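Beneath this line is the structure, given in structure tokens, with notes to follow.
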Amino acid sequence: MLTALSVADMNTPCPICGAACTLLDVVDFNKSCEETKGKFLNLAGIPIYYVLCNGCGFSFAPEFSEWKPEDFAEKIYTDDYILVDPDYLDARPRVNAANLISMFGVRGTTIRHLDYGGGGGLLVKLLQEANWQSTSYDPFVDCDTSMERLGKFDLITAFEVFEHVPDVSTLMSNLCALLAPQGVVLFSTLLSDGNIGANKRINWWYASPRNGHISLFSRRSLAALARKSGFKFGSFSDGFHAFWKEVPPWAGHLIRTRQAAPSS
Numbered sequence: 000m001l002t003a004l005s006v007a008d009m010n011t012p013c014p015i016c017g018a019a020c021t022l023l024d025v026v027d028f029n030k031s032c033e034e035t036k037g038k039f040l041n042l043a044g045i046p047i048y049y050v051l052c053n054g055c056g057f058s059f060a061p062e063f064s065e066w067k068p069e070d071f072a073e074k075i076y077t078d079d080y081i082l083v084d085p086d087y088l089d090a091r092p093r094v095n096a097a098n099l100i101s102m103f104g105v106r107g108t109t110i111r112h113l114d115y116g117g118g119g120g121l122l123v124k125l126l127q128e129a130n131w132q133s134t135s136y137d138p139f140v141d142c143d144t145s146m147e148r149l150g151k152f153d154l155i156t157a158f159e160v161f162e163h164v165p166d167v168s169t170l171m172s173n174l175c176a177l178l179a180p181q182g183v184v185l186f187s188t189l190l191s192d193g194n195i196g197a198n199k200r201i202n203w204w205y206a207s208p209r210n211g212h213i214s215l216f217s218r219r220s221l222a223a224l225a226r227k228s229g230f231k232f233g234s235f236s237d238g239f240h241a242f243w244k245e246v247p248p249w250a251g252h253l254i255r256t257r258q259a260a261p262s263s
């Protein structure tokens, strides 16, 4: 059930760094990423409040932390989700698969790969056709699958996943449980730096609850999230990042040559 934000929600400490959060802004539940293309849904009349951490700059909608998977299935990831994210079924996984094959070349066929948050699994299907040892796991889709049975993976990808998670601690716990000791997590999510801030209205297109974009990360918040789980953190761009503890030989060309500069 969607409800108005309570005072207790506004006083929730940051789940990443523990600092105090303050109310940032409120948007309609039907705010979607497609508004940048001039496509607007009818207003739902349901307010969604985002708070902002005064320490690391993480912004999130506290109400969704109480949702169960079936709530997301009924209210966000519905049959008409494609209206607010037309690329998620086909175009995006094809581009991501091509990029991974280009990044790793033959190295990609020598490692175990997991696509975390893989949705329908098209990216993994395409990589398997290129002789990758790839597996798809999505907490919303594969809720009956035991993670323990999946084993450990050298490479975990999470494309456009982080902004969807209602609980960043659970996300990191899952990634740590699935990642091999010399493993790398490659993930995409847009940085909020310069796009949201205290005493500013949320006009950023990426802050869209109808898309399930309920967690918005600054660079500092991702760095703090990495440190909390014992990872190093670096970014290739404002939208593409990596976590790792030790750089494995098969990823040295990527992290060193492309200079995923560690952030502190």
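For the sequence shown, numbering that gives the first Met the number 0 assigns the number 263 to the last residue and increments by one with no breaks. Glycine included, every Cβ here is placed at the ideal spot set by N, Cα and C. These numbers come from a predicted model, not from an experiment.
The segment 40 to 49 makes no contact with the segment 238 to 255: fewer than 3 CB pairs, one atom from each, lie closer than 8 Å. In its chain, beyond the 5 residues on either side, Ala96 have a beta carbon closer than 6 Å to the beta carbon of leucine 125. Rounded to the nearest angstrom, the gap between the Cα atoms of alanine 222 and glycine 150 is 26 Å. The Cβ atoms of leucine 40 and serine 31 lie closer than 8 Å to each other. With a contact defined as Cβ atoms closer than 8 Å, proline 85 and leucine 121 miss out at about 14 Å. With a contact defined as Cβ atoms closer than 8 Å, methionine 102 and leucine 253 qualify at about 6 Å.
By the neighbour-count criterion, in which 16 or more other beta carbons inside 10 Å mark a residue as buried, valine 105 falls on the exposed side. The three-state reading of DSSP puts phenylalanine 230 in coil, since its state is none of H, G, I, E or B. Contact check between the segment 217 to 231 and the segment 177 to 194: three or more CB pairs, one atom from each, fall below 8 Å, which counts as touching. With contacts defined by Cβ atoms closer than 8 Å, glutamate 159 and valine 83 do not form a contacting pair.
Within a 10 Å sphere around the beta-carbon of valine 50 sit 16 or more other beta-carbons, which makes this residue buried. Closest option to lysine 227, judged by alpha-carbon separation, among Gly116, Ile15, Thr11: Ile15. In the same chain as phenylalanine 57, and ignoring 5 residues on each side of it, the C-beta atoms closer than 7 Å to its own belong to Cys13, Ile15, Phe216, Ser217, Ser220, in chain order. Inter-residue distance for phenylalanine 239 and aspartate 141 is about 25 Å (C-alpha atoms, whole angstroms). In the DSSP annotation of this structure, cysteine 20 is not part of any alpha helix (DSSP H); the continuous beta strand (DSSP E) holding it starts and ends at 20 to 27. In the DSSP assignment, phenylalanine 152 forms a beta bridge with Leu178. Counting the other Cβ atoms within 10 Å of the Cβ of isoleucine 81 gives fewer than 16, which makes it exposed. Between glycine 107 and serine 135, the gap from beta carbon to beta carbon reaches 8 Å or more.
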